[in-house]
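Novice:
There are 2 protein chains.
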Amino acid sequence: MTINNLFIFLYFRKKNKHSKELNHLIMIEYSGQPHYLVAVDCIVFGFDGEHLKILLVKRGLEPEINKWSLIGGFVGAQESPDDAANRVLKKNTGLEGIYLEQHQIYGEPNRDPIERTLSVGYFALIDINKYQTQINDDYHAEWFLINDRPKLIFDHEQMVIDARKKLRYKAALHPILFEMLPKKFTIPQLQILFEEVNDTKIDTRNFSRKISSTGLLIKLTEKDKSGSKKGAFYFKLDKKKYTANFQAFLNLIPNLKL
Amino acid sequence: MTINNLFIFLYFRKKNKHSKELNHLIMIEYSGQPHYLVAVDCIVFGFDGEHLKILLVKRGLEPEINKWSLIGGFVGAQESPDDAANRVLKKNTGLEGIYLEQHQIYGEPNRDPIERTLSVGYFALIDINKYQTQINDDYHAEWFLINDRPKLIFDHEQMVIDARKKLRYKAALHPILFEMLPKKFTIPQLQILFEEVNDTKIDTRNFSRKISSTGLLIKLTEKDKSGSKKGAFYFKLDKKKYTANFQAFLNLIPNLKL
DNA sequence: AATTTTAAATGTCAAAATGACAATTAATAA
DNA sequence: TTATTAATTGTCATTTTGACATTTAAAATT
């Protein structure tokens, strides 16, 4: 009998002094159940202005030590899975307040060869530039092109595939891709990001019309001259409208097939 | 040291005979982690032709025995959470092959007062008529109007709220509501279901135009005379198109706000 | 048998959104 | 001054949408 099970027993002894039957029932139904490790794994997406990337780390524990893996960790006793995901993200990127979304649970009995572990998959979107300023090599994290990533441990490969699909889905309906851009960005930059995520070319004219019609962008006076002679105007998000319209549909991808 | 932890130790003794350091690392990082119970809870939606309903059961174990709860159970050692959800659904409804979708994990440290338990929330859609033929009273399951349900245990109340929101979201984009209708159904029936789920009135003419334009329905020669003198034609799903277009957007709700 | 009743099915039209395509503009480089 | 390059803005036919009205089929009533 483990400590946990003992605790249950005492708890109901106290509450139900006169019911032996009840104590018995608890022991069967609740305490006899198997316990598992619970982990979180984060698929961290970034955008370098040209391509979609993911952040991977070299795993620091057995099994599969030194193999590339998603950023993850076990869920501690005093934290929720969401808490755990935020914690490991901060540990590995130095960033707080990252856009983080619970995605799917991975729970095949033998997905971890050592011991049964269920993993809650998250996907995270971060501004790659923010990260680079805070980079420290303590955790051997590294950005990879999404289409040129190393083999990953366990079922992490599947997690990346699933998360990418979900990112595409979500980004078609909600303005989440801004999370991967700097505060000031240009329309051409934004379009490249959409094209990368959806693996498609978008007509420049129709794209900017749709983006403008959302009313989410505020045009700045400054221009980004790095990409062309003419320069492209910077925009920033209208945060009030962003929050208010987050659930609104955008449909930025023509002839969308998911 | 529990049996599980011992197992890990031996596993790496064997694989890494010459590395004491490695064995040490495993014990810290892997075995020292807390283990939790993992459960599934299913929000089962049904439609009786007039109103949206959910299926609840009287809980058969402490704590909160005899209180109303979602259909749930612990994840067994040899099954995935998906397996577990299908198992408990079959046990409580007699039905197999139910539409089932992983929804969200509920993992606040103190959500279960006895012992830390994480629960994977699922939502399920079933044809309420199919169920009624197989009903047995062994598990005290009962249908409740979604808007007139009893108080639920733990965080099940929140689960229902979340699942309902998700159902609405999903149903706006994908043809999932057919899962709650009999094989033969009429357009007016379908419309009432959409109205129930979205808590709104839809214009009859525009609705049938949109539904027709999906190409998902096949008109039958038979009519349902129960609702009117004229009778409404039965339709059935074009299963090939249903499967092929499942991911396609429908946007059946005008002025949708999620 | 003709008429009434009821809900189902179909029709109209102006406004908005979409997709395909081309011309103009602002800045630097030659 | 001109050429070059990418950013920006524009046109138009087609489709989709939302608001609204009429017709139709069958049973019930007179």
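These protein sequence lines are chains A and B, in that order.
The first sequence maps to residues -7 to 250 in my numbering.
The second sequence maps to residues -7 to 250 in my numbering.
Note that CB positions come from ideal geometry on N, CA and C, so glycine has one too.
Run down chain A in chain order and give the residues with a C-beta less than 7 Å from the C-beta of B:LEU29.
Specialist: Ordered by position in chain A, the residues that pass the 7 Å Cβ test against B:LEU29 are GLN25 and HIS27.
Novice: Closer than 7 Å by C-beta to B:LYS158: which residues in its own chain qualify, once you throw out the five before and the five after it? Chain order, please.
Specialist: Here the set comprises HIS95 and PHE115.
Novice: Return the bridge partner residues of A:GLY52 from the DSSP annotation.
Specialist: Answer is none; A:GLY52 lacks a bridge partner.
Novice: Look at A:LEU48 and A:ALA133 and say whether their C-beta atoms are less than 8 Å apart.
Specialist: Yes, the pair counts as a contact, with Cβ atoms nearer than the cut-off.
Novice: Just to confirm, are A:VAL30 and A:VAL67 a CB contact at a threshold of 8 Å?
Specialist: Against a cut-off of 8 Å, the Cβ pair of A:VAL67 and A:VAL30 comes out as a contact.
Novice: Compute the Euclidean distance between the alpha carbons of B:LYS222 and B:ASP140, then round it to the nearest angstrom.
Specialist: Distance between the alpha carbons of B:LYS222 and B:ASP140 is about 33 Å.
Novice: Note down the Cα distance separating B:GLN25 from B:GLU71, rounded to an integer number of angstroms.
Specialist: Looking at the two C-alpha atoms, the distance is approximately 22 Å.
Novice: Between A:THR178 and A:PHE225, which are expected to be in contact by the criterion C-beta below 8 Å, what is the C-beta distance as a whole number of angstroms?
Specialist: 7 Å between Cβ atoms; contact.
Novice: Tell me, please, whether the stretch 141 to 148 of chain A touches the stretch 79 to 90 of chain A by the rule of three or more beta-carbon pairs shorter than 8 Å.
Specialist: Too few Cβ pairs lie closer than 8 Å, so no.
Novice: Just reading off the alpha helix (DSSP H) that A:TYR161 is part of, what are its end residues?
Specialist: Start and end: 148 to 165.
Novice: Where does A:GLU188 sit, in a helix, a strand or coil, going by DSSP?
Specialist: Helix.
Novice: Quick check: is the beta carbon of A:GLU71 nearer than 8 Å to any beta carbon in chain B?
Specialist: Answer yes: the Cβ-Cβ gap between A:GLU71 and chain B drops below 8 Å somewhere.
Novice: Can the beta-carbon of B:PRO167 be found less than 8 Å from the beta-carbon of B:ILE106?
Specialist: Their beta carbons are not under 8 Å apart, which means B:PRO167 does not touch B:ILE106 by this criterion.
Novice: Counting along the chain, where does the alpha helix (DSSP H) carrying B:LEU81 start and finish?
Specialist: Counting along the chain, the alpha helix (DSSP H) containing B:LEU81 begins and ends at 73 to 85.
Novice: Under the rule that 16 or more other beta-carbon atoms within 10 Å means buried, what is A:LYS7, buried or exposed?
Specialist: Residue placement at A:LYS7 is flagged as unreliable, the pLDDT there being 38, under the threshold of 50; a coordinate-derived value is accordingly withheld.
Novice: Go through its chain and collect everything with a Cβ distance to A:LYS233's Cβ below 7 Å, but skip five positions before and after it.
Specialist: Only GLY207 and LEU208 meet the Cβ criterion.
Novice: By the 8 Å beta-carbon criterion, what residues does the stretch 64 to 98 of chain A contribute toward chain B?
Specialist: Correct list: PHE66, VAL67, GLY68, ALA69, GLN70, GLU71, SER72, PRO73, ASP74, GLN94, GLN96 and ILE97.
Novice: Nearest CA to the CA of B:GLY52: which residue from B:ILE46, B:VAL152, B:GLY99 and B:LEU62?
Specialist: The candidate whose alpha carbon is nearest that of B:GLY52 is B:LEU62.
Novice: Give the C-beta separation of A:THR196 and A:GLN183 to the nearest angstrom, bearing in mind that I take them to be a contact with Cβ-Cβ under 8 Å.
Specialist: Confirmed, Cβ separation roughly 7 Å.
Novice: Hey, how far is the Cα of A:LEU44 from the Cα of A:GLU100?
Specialist: So the alpha carbons of these two residues sit roughly 29 Å apart.
Novice: Under a Cβ-count criterion, where at least 16 other Cβ atoms within 10 Å of its own Cβ denotes burial, should B:ALA163 be classed as buried or exposed?
Specialist: By the neighbour-count rule (16 or more Cβ atoms within 10 Å), B:ALA163 is buried.
Novice: What does A:PRO101 reach in chain B if we use C-beta pairs closer than 8 Å?
Specialist: Per Cβ cutoff of 8 Å: ALA69, GLN70, GLU71 and SER72.
Novice: Starting from the N-terminal side, write out each stretch of the alpha helix (DSSP H) that is 4 residues or longer and does not extend beyond the stretch 94 to 147 of chain A.
Specialist: Fully enclosed alpha helix (DSSP H) runs of 4 or longer: 120 to 126.
Novice: Put B:LEU173 into one of helix, strand or coil per three-state DSSP.
Specialist: DSSP places B:LEU173 in coil when its eight states are reduced to three.
Novice: Is DSSP giving A:ILE57 helix, strand or coil here?
Specialist: Note: A:ILE57 maps to coil in three-state DSSP.
Novice: Counting only Cβ-Cβ distances shorter than 7 Å, please list the residues of the stretch 151 to 167 of chain A near chain B, keeping chain order.
Specialist: Per Cβ criterion, the list is empty.
Novice: Going along the chain, which residues of its own chain have a beta-carbon closer than 8 Å to the beta-carbon of A:LEU137, five neighbours each way excluded?
Specialist: If we look at A:LEU137 and ignore the five residues flanking it on each side, its Cβ neighbours are HIS43, LEU44 and LYS45.
Novice: Just to confirm, are A:LYS211 and A:PHE227 a CB contact at a threshold of 8 Å?
Specialist: Cβ atoms of A:LYS211 and A:PHE227: closer than 8 Å.
Novice: So A:ALA31 is in the beta strand (DSSP E); what residue range does that whole segment cover?
Specialist: 29 to 39 is the span of the beta strand (DSSP E), which, as asked, contains A:ALA31.
Novice: Does any CB atom of chain A fall closer than 8 Å to the CB of B:VAL112?
Specialist: So yes, B:VAL112 belongs to the interface.
Novice: If B:SER110 and B:MET172 are in contact, beta carbons under 8 Å, what's the gap, nearest whole angstrom?
Specialist: The question names Ser, but residue 110 of chain B in the sequence shown is Leu. With a Cβ gap of about 28 Å, B:LEU110 and B:MET172 do not count as contacting.
Novice: When you compare each of A:GLN150, A:VAL152, A:TYR28 and A:ILE120 to A:LYS175 by their alpha carbons, which one comes out closest?
Specialist: It is A:ILE120.
Novice: Identify every residue that forms a DSSP beta bridge with B:ALA224.
Specialist: DSSP, once it has assigned bridges, lists B:ASP216 as partnering B:ALA224.
Novice: Please report the distance separating the alpha-carbon of B:ASN102 from that of A:LYS50.
Specialist: The alpha-carbon atoms of B:ASN102 and A:LYS50 are separated by roughly 33 Å.
Novice: Given a cut-off of 8 Å, decide if B:GLU187 and B:PHE39 are closer than it, judged by their beta-carbon atoms.
Specialist: The answer is no: Cβ separation not under 8 Å.
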